[in-house]
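Visitor: I am attaching a structure below and will ask some questions about it afterwards.
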Amino acid sequence: RTDRGRILADDGTVLAQSVPAAAGTWSRYYPTRQEFAQPVGYLRAIEGRAAGLELSRSSALRGLQTGLGSIFGQLSSHRVGDDVYTSLDPKATQVAVSQLAGRTGSVVALDPRTGAIKVMYANPSFNSNQINSLGPGQSFFNDSTQAGWPPGSTFKVVTAAAAIDSGKYTPSSVVNGDSPKQISGVPLSNDNNQSFGPIDLTTALTFSVNTVWAQVAESLGRATMTKYMERFGFYKKPPLDYPAFQLQASRPYSSTGKPYAPSSPNQDIGRIGIGQGGLQVTPLQMAMVAAAVANGGKLMAPHLTSRVVDPDGRTLQTIKPTVYNQVMKPSTAQDLTQMMKKVVEEGTGTPAQLGGISVAGKTGTASIGLPGSNLTQPWFIGFAPADNPQVAVAVTIAQTQGGFGGTVAAPIASAVIQTLLSAGG
Numbered sequence: 027r028t029d030r031g032r033i034l035a036d037d038g039t040v041l042a043q044s045v046p047a048a049a050g051t052w053s054r055y056y057p058t059r060q061e062f063a064q065p066v067g068y069l070r071a072i073e074g075r076a077a078g079l080e081l082s083r084s085s086a087l088r089g090l091q092t093g094l095g096s097i098f099g100q101l102s103s104h105r106v107g108d109d110v111y112t113s114l115d116p117k118a119t120q121v122a123v124s125q126l127a128g129r130t131g132s133v134v135a136l137d138p139r140t141g142a143i144k145v146m147y148a149n150p151s152f153n154s155n156q157i158n159s160l161g162p163g164q165s166f167f168n169d170s171t172q173a174g175w176p177p178g179s180t181f182k183v184v185t186a187a188a189a190i191d192s193g194k195y196t197p198s199s200v201v202n203g204d205s206p207k208q209i210s211g212v213p214l215s216n217d218n219n220q221s222f223g224p225i226d227l228t229t230a231l232t233f234s235v236n237t238v239w240a241q242v243a244e245s246l247g248r249a250t251m252t253k254y255m256e257r258f259g260f261y262k263k264p265p266l267d268y269p270a271f272q273l274q275a276s277r278p279y280s281s282t283g284k285p286y287a288p289s290s291p292n293q294d295i296g297r298i299g300i301g302q303g304g305l306q307v308t309p310l311q312m313a314m315v316a317a318a319v320a321n322g323g324k325l326m327a328p329h330l331t332s333r334v335v336d337p338d339g340r341t342l343q344t345i346k347p348t349v350y351n352q353v354m355k356p357s358t359a360q361d362l363t364q365m366m367k368k369v370v371e372e373g374t375g376t377p378a379q380l381g382g383i384s385v386a387g388k389t390g391t392a393s394i395g396l397p398g399s400n401l402t403q404p405w406f407i408g409f410a411p412a413d414n415p416q417v418a419v420a421v422t423i424a425q426t427q428g429g430f431g432g433t434v435a436a437p438i439a440s441a442v443i444q445t446l447l448s449a450g451g
């Protein structure tokens, strides 16, 4: 019989609230329906079903922190819960919804300085008010945190971080970009089988040259590559204030679907280094990769909650930014930023350009389905403004007919970044 607290967006938009129901009970109502269904989740107390923040922040929403400690609670004949404010931005979320335009995919955006999540939207979603009747094209599965998708060339950012931070390479190190090259004893080709000859790593990232980055990953070796992957958060669930059953670790899998341990010698490190080799990632993890570079190598723990407020309006808890990992040296992050700026200025990521605002990013186009099927999964990860980052983002569309990260995902990222920056980050 608790009047559960509300869940709100960062601007005070109500995302979940209690409304009176039969016989002095309360039921939950979700004014924004699909738009915030994944982060907010749902609660069906009678059936004992809950997900999202409704589950992970349940004790606050039930008022267990304050109990009858609030004046409002003492004047009520029932327990009144506390309000949970999130960092979610309604305007940017609406832009993500309209940009995805009904396609299966995900947009995750966060503040790299704090880890505060601004956008977490995936399609398909569901109507939180009607969880017992999922319509066609609806799903409880949160692709932003649960999907296992190949990241394609966006993963080259991780390989570049390992290469430069380990001291084995610099942005101007030269590697032969001919195509094909033998990687793990099997030929690997560049896009359109284009050969580049000897090129530096900055150019190899700008034009996303597979054979260069696969050779770099192989030369670094499994121990170095997996060390940096773990620093970025791979191989374990992210530290999000969200139910564990709705979080998936990003990692490589064998052809039989078994997850590889970081120490497994069976991992094809050359192909993993370019986002292949059975690598499966969540959009949240790839947003964390962009955020680590954006924040000078310091990866902040992502979080959805910003504060908990009691019924009298007193702030009971403020979520303080916490460092998850120092992934790389600040100088490495600076080098990567310059390399990722070039991707957007003159490489595969030019559609992510924003007039007057410098964007750093990396595209990806993962081939999915059978060879020759032309099915692709486009990606873009990045951050802006490049020299004073306030927004980091990951965007992917799950299945397109030959679409590229630059043409399909980058414009979505650009629109979301623009909205968040115009709102002040």
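Be aware that the sequence shown starts at 27, since it is given in my numbering, and climbs by one per residue. Ideal Cβ placement from N, Cα and C applies to all residues, glycine included.
For the alpha helix (DSSP H) that contains Lys388, what are its first and last residues?
Guide: Counting from 1 along the sequence shown, the entry for residue 388 is found at position 362. Counting along the chain, Lys388 falls outside any alpha helix (DSSP H), though it belongs to the beta strand (DSSP E) covering Ala386 to Ser393.
Visitor: How would you label Lys268, buried or exposed, when you count the other beta carbons within 10 angstroms and need 16 or more for buried?
Guide: Within the sequence shown, the letter at position 242 stands for residue 268. In the sequence under discussion, the amino acid at residue 268 is Tyr, which differs from the Lys named in the question. Answer is buried; the Cβ neighbour count reaches 16.
Visitor: May I ask you to report which of helix, strand or coil DSSP gives Thr28?
Guide: Taking the first residue of the sequence shown as 1, we reach residue 28 at position 2. Note: Thr28 maps to coil in three-state DSSP.
Visitor: Do you know how far the Cα of Ala135 is from the Cα of Ile143?
Guide: Residue 143 sits at position 117 when you count from the first residue of the sequence shown. Residue 135 sits at position 109 when you count from the first residue of the sequence shown. Roughly 6 Å between the two C-alpha positions.
Visitor: Just to confirm my understanding: we take Pro57, look at its own chain, exclude 5 residues before and 5 after, and list those with CB closer than 6 Å. What are they?
Guide: Translated into positions along the sequence shown, residue 57 becomes position 31. Val40, listed in sequence order.
Visitor: Which same chain residues end up closer than 6 Å to Arg257 when comparing Cβ atoms and leaving out the 5 residues on each side of it in sequence?
Guide: As a working note, residue 257 is residue 231 in the sequence shown. Cβ neighbours of Arg257 beyond the five flanking positions: Asn351 and Val353.
Visitor: Is it a yes or a no for the region 59-79 touching the region 267-285, going by three-plus beta-carbon pairs under 8 Å?
Guide: yes
Visitor: DSSP state of Arg83, grouped into three classes?
Guide: Within the sequence shown, the letter at position 57 stands for residue 83. Three-state DSSP puts Arg83 in coil, outside helix and strand.
Visitor: Going by C-alpha distance, which of Gln272, Gln293 and Pro213 is nearest Ser281?
Guide: Within the sequence shown, residue 281 is the residue found at index 255, counting from 1. When only C-alpha atoms are compared, the closest one is Gln293.
Visitor: Hey, quick one: how far does the beta strand (DSSP E) through Lys367 stretch, first residue to last?
Guide: Taking the first residue of the sequence shown as position 1, residue 367 is located at position 341. Element bounds for Lys367: not the beta strand (DSSP E) but the alpha helix (DSSP H), Pro356 to Glu372.
Visitor: Grab the span of the beta strand (DSSP E) containing Gln43 for me, first residue to last.
Guide: Within the sequence shown, the letter at position 17 stands for residue 43. That run of the beta strand (DSSP E) goes Val40 to Pro46.
Visitor: Taking the C-alpha atoms as reference points, what is the distance between Pro116 and Lys355?
Guide: For this step, residue 116 is matched to residue 90 along the sequence shown. For this step, residue 355 is matched to residue 329 along the sequence shown. Each residue's alpha carbon lies about 34 Å from the other.
Visitor: Given a threshold of 16 other Cβ atoms within 10 Å of its Cβ, counted over all protein chains shown, does Ala410 qualify as buried or as exposed?
Guide: To locate residue 410, count along the sequence shown from 1; it is residue 384. Buried: at least 16 other Cβ atoms inside 10 Å.
Visitor: Thinking C-alpha only, which one of Lys262, Lys253, Thr252 and Ser199 is nearest Leu231?
Guide: Along the sequence shown, read from residue 1 onward, the residue named residue 231 stands at position 205. Taking only the C-alpha atoms, the option nearest Leu231 is Ser199.
Visitor: Judging by CA-CA distance, which residue of Val45, Ala122 and Gln60 is the nearest neighbour of Thr422?
Guide: Within the sequence shown, residue 422 is the residue found at index 396, counting from 1. Ranking the options by Cα distance to Thr422, first place goes to Ala122.
Visitor: In terms of residues, what are the limits of the beta strand (DSSP E) holding Asn218?
Guide: The count along the sequence shown starts at 1 and reaches residue 218 at position 192. Where Asn218 is concerned, there is no enclosing beta strand (DSSP E), given that its DSSP letter is neither H nor E.
Visitor: How is the beta strand (DSSP E) around Thr252 delimited, first residue to last?
Guide: As a working note, residue 252 is residue 226 in the sequence shown. Boundaries for Thr252: no beta strand (DSSP E) harbours it, while the alpha helix (DSSP H) harbouring it runs Asn236 to Phe258, taken from the DSSP string.
Visitor: Between the C-alpha atoms of Gly375 and Val184, what's the straight-line distance to the nearest angstrom?
Guide: In the sequence shown, counting from the first residue as 1, residue 375 sits at position 349. In the sequence shown, counting from the first residue as 1, residue 184 sits at position 158. The C-alpha of Gly375 lies about 17 Å from the C-alpha of Val184.
Visitor: Closest by CA to Asp137, which one among Leu330, Gln403, Pro404 and Ser357?
Guide: Position 111 of the sequence shown, counted from the first residue, corresponds to residue 137. With distances taken between Cα atoms, Asp137 lies closest to Leu330.
Visitor: Please go through the same chain and pick out, in chain order, the residues whose beta-carbon is closer than 6 Å to the beta-carbon of Gly451, but skip the five residues on each side of it.
Guide: Sequence index remark: in the sequence shown, residue 451 carries index 425 (1-based). Since pLDDT at Gly451 reaches only 49, below the 50 mark, its modelled position is unreliable, and no value is offered.
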